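Numbering (the numbering used here), first residue to last: 2 to 283. To start, the structure itself, in structure tokens.
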Amino acid sequence: MILFKTVKDIKIFLGKRDKGTSKMAFVPTMGALHGGHISLINNAKNDNFFTVCSIFVNPTQFNNQLDFSKYPATIENDIYLLEKSGCDVLFLPSAEEIYPNGPATSVKYDLGYLETILEGKYRPGHFQGVCQVVQRLLEIVQPKMLYLGQKDYQQCMVISKLIDIMGVDIQLNICPTQREITGLAMSSRNIRLTDTERTQALRIYETLELIKRECKPGNLLALKAIATENLSTNGFVVDYVEIADAKTLELKENWDGASPLVALIAAYLNEVRLIDNLVITN
Ligand code: AMP
Numbered sequence: 002m003i004l005f006k007t008v009k010d011i012k013i014f015l016g017k018r019d020k021g022t023s024k025m026a027f028v029p030t031m032g033a034l035h036g037g038h039i040s041l042i043n044n045a046k047n048d049n050f051f052t053v054c055s056i057f058v059n060p061t062q063f064n065n066q067l068d069f070s071k072y073p074a075t076i077e078n079d080i081y082l083l084e085k086s087g088c089d090v091l092f093l094p095s096a097e098e099i100y101p102n103g104p105a106t107s108v109k110y111d112l113g114y115l116e117t118i119l120e121g122k123y124r125p126g127h128f129q130g131v132c133q134v135v136q137r138l139l140e141i142v143q144p145k146m147l148y149l150g151q152k153d154y155q156q157c158m159v160i161s162k163l164i165d166i167m168g169v170d171i172q173l174n175i176c177p178t179q180r181e182i183t184g185l186a187m188s189s190r191n192i193r194l195t196d197t198e199r200t201q202a203l204r205i206y207e208t209l210e211l212i213k214r215e216c217k218p219g220n221l222l223a224l225k226a227i228a229t230e231n232l233s234t235n236g237f238v239v240d241y242v243e244i245a246d247a248k249t250l251e252l253k254e255n256w257d258g259a260s261p262l263v264a265l266i267a268a269y270l271n272e273v274r275l276i277d278n279l280v281i282t283n
């Protein structure tokens, strides 16, 4: 694996490759890598792509400074895991490389409804920051394929919209959420959980499964209330428990029993905010 720290060097290197014979996949991350990230690299490699991974903790997508300052960093282990997975290139830029003129920007992405709900509602400005950094990274790397995790369900939809806005020909490959044997979704933020909190955190997946099991055509409000209660009585501060149309993310109060749904949860365990989701097929 070759490591690049500057935009200039990675651009020169990638520019020299024969793009006709070896198409490129890109896996953007914020590091503190785990099995979820590595599954994206594995999928890209199994699909025979020359694979570029980036590690950059993007300050502009954090609406909470404490979350940013406490974001885990495990770079030596990250490099080890990427080497082992067969990743071809690691891009590890500084904030100055990504934002040479500073992070402030006047660009506003029109994300419409997507920015008014769920993560968009509870983390104001978050998706603007995501689009800012992903656009910059895509312009540097210029991949053919982008591998993303379903763990960040709404983010996948936002990035799909960004690709439309940018008018570039980049395909998305959305890969399944990787979980611990217990069901807990792998997440960089799990490092910040104590052993007790890690056990408590299993409630999120249990609650998603409860929603999936109990979801019946008709009114969904009682089910959402039970699910929320299940989390708040077990020590969580809940941002949202929602059931939405799996294609549009339109929040649902009633279900026709036919359209695919996704259940989504965001909740705090003390200082750590966790998100997860589960697609509900009929
Ligand atoms: P992050 O480093 O959290 O910004 O995530 C980088 C990429 O890894 C995003 O596309 C995430 O959706 C994906 N990812 C994070 N956690 C998981 C997981 N448990 N399973 C699959 N993909 C994941």
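Beta carbons: idealized from backbone N, C-alpha and C, even for Gly. Since this is a predicted model, take the numbers as computed values, not measurements.
Inter-residue Cα distance where the pair is residue i and residue j
| i | j | result |
| --- | --- | --- |
| V1 | T200 | Absent from the structure is residue 1, since the part of the chain shown begins at 2 and ends at 283. |
| D170 | K213 | 35 Å |
| M2 | V53 | 9 Å |
| L139 | Y114 | 24 Å |
| G121 | Q62 | 11 Å |
| E254 | E207 | 21 Å |
| L224 | D19 | 54 Å |
| I284 | I227 | This structure cannot settle anything about residue 284, because the visible part of the chain is limited to 2 through 283. |
| N78 | G258 | 45 Å |
| D165 | T197 | 43 Å |
| L203 | L209 | 10 Å |
| G16 | D10 | 10 Å |
| S95 | K6 | 7 Å |
| T229 | G87 | 41 Å |
| C176 | G37 | 9 Å |
| G168 | Q155 | 20 Å |
| F69 | G130 | 13 Å |
Spatially closest choice to residue i from the options, by CA coordinates
| i | options | result |
| --- | --- | --- |
| I244 | F5, E272, L83, T282 | T282 |
| V135 | L163, S188, F5, E215 | L163 |
| E98 | S70, M187, R137 | R137 |
| N106 | L93, G126, S188, E116 | Inspection of the sequence shows that residue 106 is occupied by Thr rather than by Asn. Among L93, G126, S188, E116, the Cα nearest to that of T106 belongs to G126. |
| V273 | I227, L211, G36, R193 | R193 |
| T249 | A259, T208, V263, G236 | V263 |
| N271 | H38, L15, I11, N235 | N235 |
| E181 | F14, P60, D277 | D277 |
| K12 | L232, E215, P144 | P144 |
| Y269 | D48, S233, S40 | S233 |
Residue(s) in a DSSP beta bridge with residue i
| i | result |
| --- | --- |
| R274 | Y269 |
| I281 | L262 |
| G219 | W256 |
| L91 | L4, C54 |
| I244 | A264 |
| T30 | I56 |
Check whether residue i and residue j have beta carbons under 8 Å apart
| i | j | result |
| --- | --- | --- |
| M25 | F57 | no |
| L83 | I141 | no |
| D240 | A267 | yes |
| S161 | L275 | no |
| G150 | T178 | yes |
| L119 | L265 | yes |
| F51 | D89 | yes |
| L93 | L4 | yes |
| V159 | Q133 | no |
Under the three-state DSSP convention, the category residue i falls into
| i | result |
| --- | --- |
| E120 | helix |
| N174 | strand |
| D48 | coil |
| M25 | strand |
| T200 | helix |
| V58 | coil |
| Y148 | strand |
| A228 | helix |
| L106 | According to the sequence as given, residue 106 is Thr; it is not Leu. In the structure shown, T106 sits in coil (DSSP, three-state: anything other than H, G, I, E or B). |
| T181 | The sequence shown places Glu at residue 181, rather than the Thr named in the question. Three-state DSSP puts E181 in coil, outside helix and strand. |
| A186 | strand |
| F237 | strand |
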